[in-house]
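Chemist: Residue numbers (my numbering): -16 to 492. For every residue, glycine included, the Cβ atom is placed at its ideal position computed from N, Cα and C.
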Amino acid sequence: MAIAAVANLEEEFSPTDKPAGPCALVIFGGAGDLTKRKLLPALYNLSKEHLLPENFAVVGVSVDDLSQDGFLQHVTQFLDDPDRAGDRWDWFSQRIQYERGDFANDNTYQCLQQRLAAVDENFGTGSNYLFYLATAPKFFAEIVEHLGKSGLSREENGHWRRVIIEKPFGHDLESAKSLNRDLQSVLNEDQIYRIDHYLGKETVQNLLVFRFSNSIFEPLWNDRYIDHVQITNAETVGVERRGGYFDNVGTMRDMVPNHIMQLISLTAMEPPASFKSEAVRDEQAKVLHAIKPFHSDEVLMNTVRGQYGEGRIGDNSAPAYRSEPGVAPDSRTETFVALKLAIDNWRWAGIPFYIRTGKRLAERHTEITIQFKKTPLQIFQDTVGHKLRTNQLVIQIQPEEGMMLSFGAKIPGSTVRVGSVNMSCEYAKYFKAEPKTGYEILLYDCMIGDPTLFQRADMVEAGWSVVDPVLDVWRAVSPRKFPNYGAGSWGPKEADDLLARDGRKWRTI
Ligand code: BG6
């Protein structure tokens, strides 16, 4: 059953946000995939919503030999054709510039400084600069060091300078700490925006609103009423053209310390005292610190790793991971992870959080399931169907965004039979919102200086503290039989066993 729509949707949800103030966005890695697939389309969406400042410009920096026009064509190729015409397009396209340069070279930053002075002059960007590091991670510290040396990161005379760092943020706890030290030796923490694109997803942000703007769920959100929590993040894609990168990283590092930790923290955090960025991030950090790190002898019992073999996804055959371009033929890198985590605090003691995330699974689907406990007394236990009935709240993150609450109801008829009914709210139907890239809100928030949806240094380090002990044991104990799941399945059997040992099952998707 669908929740009835409120009377006047348009009035109720009409946007009230104001455009950001004057600024220039500098994208290091300007000719890369992220820029053309996500950042430029997101900026264009912001411009259509009149959320970009009138005084605005983009400067792409990369080593590629591109003309001004060539760069514009390259980075706007993912905009729809009708978007590339008319006044909005003219306004937008005039503000896109290219600076060729090597990130390691001092000269690049001198040229960039001159370019930005001209941009300030021509577009009134007010010497406020947002530097987006959409590069390979090995350049992060180096670019920031150069920004410091050249004076480009210095905030003075009332203008601001901010730096967005893409993932992966380190490859273990030690390297994440070292990167934090390098960044903080040049920048103040409030100039650093560590991005996680999961926080740009509507339903992920909605977790906060859902939990803390409704009075009916929060009283149930604890060990008294919740049996366990499941987080599933399933992808149908394999490693695509990123085999060379992914084979050195694996699903644990690629997904868990960042995206999965964000989902856990928003699901499990305590109510913040306000919606101010530090109040929210303090609570997120606290709950991440409360996740119990595994002792080495607990790792193999509570974690599962998998690697896909060949199989079929829909009508298409899919190759084994080891046959993907850039992947070693005897690779031991995991493409699937399942974990049983415990959060050692008052609210969650004894309530497992089961996580699974993997590539080449049966469907693209990300959700959080809150599985409630059985009623204290089961008065319908002798009726048909009663076994299936425990309440579930499913927060669907992708591909469809929405919420679903299932509960038991009497099936009409002259005998008592219990059935399960769903009350659901699909975002797309309810809000009639167009799908976005997810980067719109993140870019806008950086421009207005709101770090709520970005990771603080301590949050990143807390995520790695959970993952590091698992990686240590996995490194020491080789996986016994890789590949251990077929492309197009729901992962290795051991992931089902992880829950079956506790008398539980993954929700059927
Ligand atoms: C990225 C990972 O951060 O997230 C990719 O590096 C993964 O391996 C992607 O495919 C998943 O993002 P989304 O938004 O498609 O769930």
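So residue 310 is in the beta strand (DSSP E); what residue range does that whole segment cover?
Modeler: That residue, residue 310, is in no beta strand (DSSP E); it is neither H nor E in DSSP.
Chemist: What residues are listed by DSSP as bridge partners for residue 354?
Modeler: In DSSP, residue 354 forms a bridge with 211 and 375.
Chemist: Could you give the C-beta distance for residue 493 and residue 66, rounded to a whole number, given that I count them as a contact under 8 Å?
Modeler: Because residue 493 is not part of the residues shown, which for the chain are -16 to 492, the question remains open.
Chemist: CA-CA distance, residue 494 and residue 348?
Modeler: Because the chain is modelled from -16 through 492, residue 494 falls outside the range shown and cannot be assessed.
Chemist: Among 247, 8, 255 and 406, whose alpha-carbon lies nearest the alpha-carbon of residue 117?
Modeler: When only C-alpha atoms are compared, the closest one is 8.
Chemist: Does the region 290 to 299 touch the region 461 to 480, meaning 3 or more C-beta pairs lie closer than 8 Å?
Modeler: Verdict: yes, contact present.
Chemist: Please classify residue 231: is it buried, with 16 or more other beta-carbons within 10 angstroms of its beta-carbon, or exposed?
Modeler: The residue is exposed, with fewer than 16 neighbouring Cβ atoms inside 10 Å.
Chemist: Taking the C-alpha atoms as reference points, what is the distance between residue 102 and residue 34?
Modeler: Approximately 20 Å, taken between the alpha carbons.
Chemist: Under 6 Å: does the beta carbon of residue 439 sit that close to some heavy atom of ligand 3?
Modeler: In the structure on display, ligand 3 does not appear, and the ligands it does have are ligand 1.
Chemist: Do you know how far the Cα of residue 19 is from the Cα of residue 6?
Modeler: For residue 6 and residue 19, the distance between alpha carbons rounds to 20 Å.
Chemist: Can you tell me the Cα-Cα spacing of residue 235 and residue 290, whole angstroms?
Modeler: If you take the alpha carbons of residue 235 and residue 290, they lie about 12 Å apart.
Chemist: Counting only the same chain and skipping the five closest in sequence on each side, list residues whose C-beta sits under 8 Å from that of residue 433.
Modeler: Excluding sequence neighbours, residue 433 sits near 260.
Chemist: How long is the line joining the alpha carbons of residue 237 and residue 196, rounded to whole angstroms?
Modeler: So the two alpha carbons sit approximately 32 Å from each other.
Chemist: Given this structure, state the Cα-to-Cα distance separating residue 30 from residue 278, to the nearest angstrom.
Modeler: Their backbone Cα atoms lie some 50 Å apart in a straight line.
Chemist: Locate the beta strand (DSSP E) running through residue 106, then write down its first and last residues.
Modeler: Note, residue 106: premise wrong, no beta strand (DSSP E); alpha helix (DSSP H) at 89 to 106.
Chemist: Start and end of the alpha helix (DSSP H) containing residue 75?
Modeler: It spans 69 to 76 - the alpha helix (DSSP H) in which residue 75 sits, taken as one unbroken run.
Chemist: Does ligand 1 have even one heavy atom less than 6 Å from the beta-carbon of residue 73?
Modeler: For ligand 1, not one heavy atom lies less than 6 Å from the Cβ of residue 73.
Chemist: Apart from the five residues just before and just after residue 257, which ones in its own chain have a Cβ nearer than 7 Å to its Cβ?
Modeler: Once the five neighbours on either side are set aside, residue 257 has no close Cβ partner at all.
Chemist: By how many angstroms is the C-alpha of residue 88 removed from the C-alpha of residue 136?
Modeler: Between residue 136 and residue 88, the C-alpha separation is close to 17 Å.
Chemist: Can you list, in chain order, the stretches of the alpha helix (DSSP H) that have 4 or more residues and sit fully within the region 225 to 288?
Modeler: Listed in chain order, the complete alpha helix (DSSP H) runs (minimum 4 residues) inside the region 225 to 288 are 226 to 229, 233 to 238, 244 to 251, 260 to 273 and 279 to 285.
Chemist: Am I right that residue 353 and residue 379 are in contact with their C-beta atoms under 8 Å? What's the rounded C-beta distance?
Modeler: Actually they are not in contact, since the Cβ atoms of residue 353 and residue 379 sit about 12 Å apart, beyond 8 Å.
Chemist: Among the residues of its own chain, which have a CB less than 7 Å from the CB of residue -12, if the five just before and after it don't count?
Modeler: Confidence is the limiting factor: at residue -12 the pLDDT is only 41, short of 50, which leaves the residue's position unreliable, though a coordinate-based value still follows. Around residue -12: 413.
Chemist: Classify residue 312 as buried or exposed, calling it buried when 16 or more other Cβ atoms lie within 10 Å of its own Cβ.
Modeler: Counting Cβ neighbours within 10 Å, residue 312 comes out exposed, since fewer than 16 surround it.
Chemist: With three or more beta-carbon pairs closer than 8 Å as the criterion, would you say the region 459 to 467 touches the region 314 to 321?
Modeler: Contact holds: three or more Cβ-Cβ distances are below 8 Å.
Chemist: Any chance the CB of residue 63 is under 6 Å from a heavy atom of ligand 1?
Modeler: Not under cutoff, so the answer is no.
Chemist: Note down the Cα distance separating residue 482 from residue 393, rounded to an integer number of angstroms.
Modeler: Between residue 482 and residue 393, the C-alpha separation is close to 29 Å.
Chemist: I want to check one thing, is the minimum distance from the CB of residue 16 to the heavy atoms of ligand 1 below 6 Å?
Modeler: Not under cutoff, so the answer is no.
Chemist: Nearest to residue 304 by CA position, among 332, 270 and 342, is which residue?
Modeler: Of the listed residues, the one whose Cα sits closest to residue 304 is 342.
Chemist: Skipping 5 residues on each side, what residues in its chain have a beta carbon closer than 6 Å to that of residue -10?
Modeler: Residue confidence is low: residue -10 scores 40 on pLDDT, short of 50, so the model does not pin down where it sits. Its coordinate-derived value is still stated next. Taken in chain order, the list of residues that qualify is empty.
Chemist: By how many angstroms is the C-alpha of residue 424 removed from the C-alpha of residue 131?
Modeler: About 27 Å.
Chemist: Taking the alpha carbon of residue 203 as the reference point, which residue from 111, 121 and 250 has its own alpha carbon closest?
Modeler: The shortest C-alpha separation from residue 203 is found at 250.
Chemist: Taking the C-alpha atoms as reference points, what is the distance between residue 330 and residue 171?
Modeler: Rounded to the nearest angstrom, the two C-alpha atoms are 34 Å apart.
Chemist: How close, in whole Å, do the beta carbons of residue 148 and residue 123 come, if the pair is a contact with beta carbons under 8 Å?
Modeler: Correct: roughly 6 Å between the Cβ atoms.
Chemist: Measuring straight from C-alpha to C-alpha, what distance separates residue 459 and residue 350?
Modeler: In a straight line, the C-alpha of residue 459 is about 32 Å away from that of residue 350.
Chemist: Can at least three beta-carbon pairs, one atom from the region 442 to 451 and one from the region 186 to 201, be found at a separation below 8 Å?
Modeler: Taking 8 Å as the limit for Cβ pairs, the verdict is that the region 186 to 201 does not touch the region 442 to 451.
Chemist: Check each candidate in 455, 452, 427 and 435 and name the one with the smallest Cα separation from residue 0.
Modeler: With distances taken between Cα atoms, residue 0 lies closest to 427.
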